[in-house]
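Chemist: I'd like to ask some things about the structure below.
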Amino acid sequence: MVTPRQNPHRLSPTHDEGLSAEQTQQPQAKQLKPLPKFHHPPQQTQQHQQPQQLQQLKHSQQFLQQPKRPRRRSKWPRFVLLFLTSATCLLFAFVLWSIFARPHNNTASSQKSTQPIPQGVLQQEAPAPPQDQTTRVTLGAVGDIMCHLGQAHAAYSAQSRSYNFDGSFTDVAAALQGYDLALGNFETVTKKNTGLSGFPAFNSPIELLDAVKKAGFDVLSTSNNHSFDQGEGGVYDTLDAIVERGMHAVGTHKAQQRPNPLIVEKNNIKIGILAYTYGINQGANVTAQGIIDHLNKETIQKDTAWLKEQKVDFIISYVHWGTEYDVKANEYQKTWAKVLADNGVGLILGSHPHVIQDTEVITGAGGNKTHVVYSMGNFISNQRLETVHNENTEHGMIFEATLEKRGGQTQISNANVRPCWVYRKSLQQKLHFAVIDLHGGDIASIKQRLVEKGGLPVSDDDVARMDRAYKTTKDRTEFPKA
1 MVTPRQNPHR LSPTHDEGLS AEQTQQPQAK QLKPLPKFHH PPQQTQQHQQ PQQLQQLKHS
61 QQFLQQPKRP RRRSKWPRFV LLFLTSATCL LFAFVLWSIF ARPHNNTASS QKSTQPIPQG
121 VLQQEAPAPP QDQTTRVTLG AVGDIMCHLG QAHAAYSAQS RSYNFDGSFT DVAAALQGYD
181 LALGNFETVT KKNTGLSGFP AFNSPIELLD AVKKAGFDVL STSNNHSFDQ GEGGVYDTLD
241 AIVERGMHAV GTHKAQQRPN PLIVEKNNIK IGILAYTYGI NQGANVTAQG IIDHLNKETI
301 QKDTAWLKEQ KVDFIISYVH WGTEYDVKAN EYQKTWAKVL ADNGVGLILG SHPHVIQDTE
361 VITGAGGNKT HVVYSMGNFI SNQRLETVHN ENTEHGMIFE ATLEKRGGQT QISNANVRPC
421 WVYRKSLQQK LHFAVIDLHG GDIASIKQRL VEKGGLPVSD DDVARMDRAY KTTKDRTEFP
481 KA
């Protein structure tokens, strides 16, 4: 088997407001251990109805028993009384048989419901559909959610002495909230009791996660080259903050033990979610290797094997890889994409280059079709023409897909890209950042929406940039029709 080679990274201008470049060497990770598993809570069976049936039986017996009266000569012939007594006994025997001896139709579900509930699964209770019925899950995934110092300063209110990032996601919140499952790459950390910082060692206000949750995100990948920017404590504090807000983090974990991969169940479709990075900016750090999931063949094989044992219907993986600002995927990315596809991953969501790269559908060793988005670009950041001299860094997207399950088989029935653009303008002597939904490409209508509903001024240059963002994104991300 071919071992993926090191990514041919180059040093590139990754600065924000004059800062220096990021190091992008891509070491492999050590093997990490798996963890616990899950099932559904017990369901009520028909046996819970037995007390009511017994009560009805008692009433029947009382009805058939006559009250005691003074002894007198019966008007009925003795054979009639014998017949009634026999009929009563037969009826009584039939009722007992129907309650205790007759086989029940839900024996299998009763046995299944006694299994323990595993930890870490996002539970969605719903009756299991017939095998020939089609069920669907819609998902939306985005690239790098970043927080440069310019964004943090823009979100700060001197009056309340707090941060509010809600405005960054107002225009795309409706789209994100409309998916059954929304995912993103959280490329910063939120360490407590530590000062604010931007590139090269990020530490962002925890209020950014409040806005991310409010926007509609369910799952965040936390495995990227900035995961260890504030050390072990930064990894742990970020994990805790994500979980406290009712979201799931994939790709980082506590040092005590490595949990099993996340399984999310929606509409009776079980989805396994993974996340890996080529490395971290701090180099080959032993502690980081134990708490941040790196690209490693053995780790991928163990994770996907465990998910298959849990009988998941579909596997998604975020991967932080590639060369910054390159609009084409390199051989390193393509080699690892094949490794993931060969292990049954059905959707690969790329991040790190900060620009949108090409997409394709590849075939895994088992004949499975795997959709690959090599890089989804920046979703929100302060990288743009004015700061890094690259307009492509303003372009973002929401990858949209429908997972369709029928007859025990689950696949992507529809894949689409929803172009986005990062708006940045000085309003009332303060910068304002916003992710703009360019869906449909009618820039004139989008401008009208921003002005009338968002209260955002839109210049001719903004219109031209939105138009280029829409067209460029669509040109690079065409999937074959299902």
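Residue numbers (UniProt numbering): 1 to 482. Ideal placement from N, C-alpha and C gives every residue a C-beta, glycine not left out.
1. Between the C-alpha atoms of residue 470 and residue 463, what's the straight-line distance to the nearest angstrom?
2. Expressed to the nearest angstrom, what Euclidean distance is found between the alpha-carbon atoms of residue 343 and residue 459?
3. With distances taken Cα to Cα, identify the nearest neighbour of residue 330 among 350, 346, 341, 345.
4. Using the C-alpha atoms, what's the distance from residue 133 back to residue 235?
5. Once DSSP output is grouped into helix, strand and coil, what is the label at residue 190?
6. Quick one, are the C-beta atoms of residue 322 and residue 294 less than 8 Å apart?
7. Would you kindly check if the distance between the Cβ of residue 280 and the Cβ of residue 484 is under 8 Å?
8. Use the C-beta contact count for residue 430: other C-beta atoms within 10 angstroms, 16 or more gives buried, fewer gives exposed.
9. May I ask which residues mark the beginning and end of the beta strand (DSSP E) holding residue 483?
10. Which same chain residues, not among the five before or five after residue 176, have their C-beta less than 7 Å away from its C-beta?
11. Roughly how many angstroms lie between the CA atoms of residue 398 and residue 468, to the nearest whole one?
12. Alpha helix (DSSP H) containing residue 397: first to last residue?
13. Beta-carbon separation of residue 421 and residue 466 under 8 Å?
14. What are the boundary residues of the beta strand (DSSP E) that residue 136 is part of?
15. Alpha carbons only, please: which of 192, 305, 382, 355 is nearest the one belonging to residue 328?
16. Check this for me: beta carbons of residue 394 and residue 384, under 8 Å apart or not?
17. Could you compute how far the alpha carbon of residue 475 sits from the alpha carbon of residue 428?
18. Would you kindly work out how many angstroms separate the C-alpha atoms of residue 444 and residue 256, rounded to a whole number?
19. Quick one: using the 10 Å Cβ neighbour count with 16 as the cut-off for buried, is residue 193 buried or exposed?
20. What is the DSSP secondary structure of residue 276, counted as helix, strand or coil?
21. Assuming residue 228 contacts residue 267 under a Cβ cut-off of 8 Å, what Cβ separation, rounded to an integer in Å, is found between them?
22. Taking its Cβ as the centre, do 16 or more other Cβ atoms sit within 10 Å of residue 187, making it buried, or is it exposed?
23. Grab me the residues of residue 373's own chain with a C-beta within less than 6 Å of its C-beta, minus the 5 sequence neighbours each way, in chain order.
24. Just to confirm, is the Cβ distance from residue 434 to residue 403 under 8 Å?
25. When the Cα atoms are used, what is the spatial distance from residue 339 to residue 346?
26. Give the secondary structure of residue 478 by DSSP, where H, G and I count as helix, E and B as strand, and everything else as coil.
27. For residue 185, which beta-bridge partners are listed by DSSP?
28. Is residue 223 closer than 8 Å to residue 275 when the C-beta atoms are compared?
29. What's the call for residue 451, buried or exposed, on a 16-neighbour Cβ count within 10 Å?
30. Using 10 angstroms around the beta-carbon of residue 424, count the other beta-carbons present and answer buried if the total reaches 16, otherwise exposed.
31. In the DSSP assignment, find the unbroken alpha helix (DSSP H) run with residue 291 in it and report its ends.
32. Who are the Cβ neighbours of residue 241 in its own chain at under 7 Å, not counting the five residues just before and after it?
33. Tell whether a beta-carbon distance below 8 Å holds between residue 168 and residue 436.
34. Count the other C-beta atoms from every protein chain shown that fall within 10 angstroms of the C-beta of residue 288, then say buried if there are 16 or more, exposed otherwise.
35. Skipping 5 residues on each side, what residues in its chain have a beta carbon closer than 6 Å to that of residue 201?
36. Return the chain-ordered ranges of every beta strand (DSSP E) run that is complete within the stretch 352 to 399 and spans a minimum of 3 residues.
Modeler: In terms of the structure at hand:
1. In this structure, the straight-line span from the alpha carbon of residue 470 to that of residue 463 is close to 11 Å.
2. The alpha-carbon atoms of residue 343 and residue 459 are separated by roughly 48 Å.
3. Residue 330 has its Cα closest to that of 350, out of 350, 346, 341, 345.
4. Taking the straight line joining both Cα atoms gives about 42 Å.
5. In this structure, residue 190 counts as coil in the three-state DSSP scheme.
6. No, they are not a contact pair.
7. Only positions 1 to 482 of the chain appear in this structure, which leaves residue 484 out of reach.
8. Residue 430 comes out exposed.
9. Outside the shown range of the chain, which is 1 to 482, sits residue 483, and nothing can be said about it.
10. Cβ contact annotation for residue 176 (same chain, cutoff 7 Å, sequence separation greater than five): 140, 182, 215, 216, 217, in chain order.
11. Roughly 17 Å separates the two Cα atoms.
12. Here residue 397 belongs to no alpha helix (DSSP H); instead the beta strand (DSSP E) covers 395 to 406.
13. Contact annotation: residue 421 and residue 466 have beta-carbon atoms nearer than 8 Å.
14. That run of the beta strand (DSSP E) goes 135 to 145.
15. It is 355.
16. Note that the C-beta distance between residue 394 and residue 384 is below 8 Å.
17. When rounded, the distance between both Cα atoms is 36 Å.
18. The straight-line gap from Cα to Cα measures roughly 54 Å.
19. It is exposed - the Cβ of residue 193 has fewer than 16 other Cβ atoms within 10 Å.
20. In this structure, residue 276 counts as strand in the three-state DSSP scheme.
21. Residue 267 and residue 228 do not touch by the CB rule: their CB atoms are close to 36 Å apart, not below 8 Å.
22. Classification for residue 187: buried.
23. Within the same chain, residue 373 has close Cβ partners 349, 350, 359, 399.
24. The answer is no: Cβ separation not under 8 Å.
25. About 12 Å.
26. In the three-state scheme derived from DSSP, where H, G and I count as helix and E and B as strand, residue 478 is classed as coil.
27. Residue pairing of residue 185 in beta bridges, as defined by DSSP: 144, 221.
28. Result yes, Cβ atoms of residue 275 and residue 223 sit closer than 8 Å.
29. Exposed.
30. With 16 or more Cβ atoms within 10 Å of its Cβ, residue 424 is classed as buried.
31. Element bounds for residue 291: 286 to 291.
32. The answer, listed in chain order, is 190, 206, 209.
33. No, these two residues do not count as a Cβ contact at 8 Å.
34. Classification of residue 288: buried, given that the 10 Å Cβ count is 16 or more.
35. The residues are 229.
36. Complete beta strand (DSSP E) runs here, min 3: 359 to 363, 369 to 373, 378 to 380.
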